[in-house]
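Below is one structure, written out as structure tokens, with a few remarks after it.
Residue numbers (the working numbering): 2 to 132.
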């Protein structure tokens, strides 16, 4: 079987604006909205698995998503922290739903007597990160 060796060098992302935006999100640690950043830390081995659910990934190849995530971690947390990330996955909301990572659906239950419309509720959900 062929042996494929990929270099150790840090690859710079082809999407610097996304790197900056994701690094800012990592620093901000917001309670709602996108991206949704799931980190699983393994204390015994001191490694991290991270999944970034973000609709900004639409149209971006998987390997480029990984490059963005790793570069954003390095920018936000430093190279030592980035080197602990052993698995980085970037998914859009529909991809995450299909993978079973978002097993819930939120819908607006609006009565005709309510002072808001269904569209108002949908926009409010989008404003805080719904797709």
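In this text, a Cβ means the ideal position worked out from N, Cα and C, and glycines have one as well.
Exercise for review: Could you pull the start and end residues of the alpha helix (DSSP H) that residue 28 belongs to?
Suggested key: First-last of the alpha helix (DSSP H) with residue 28: 17-29.
Practice item. Label residue 3 either buried or exposed according to how many other C-beta atoms from any shown protein chain fall within 10 Å of its C-beta, with 16 as the threshold for buried. Key: exposed
Review point. Among 34, 20, 23, which residue has its Cα nearest to the Cα of residue 125?
Key: 34
Review point. For residue 196 versus residue 57, is the C-beta spacing smaller than 8 Å?
Key: Summary: the structure shown does not reach residue 196, with the chain confined to residues 2 through 132, and so no result is reported for it.
Review point. DSSP beta-bridge partners for residue 40?
Key: Per DSSP, 51.
Check your understanding: Can you pull the DSSP bridge partners for residue 71?
Key -> Looking at the DSSP assignment, residue 71 forms no beta bridge with any residue, so it has no partner.
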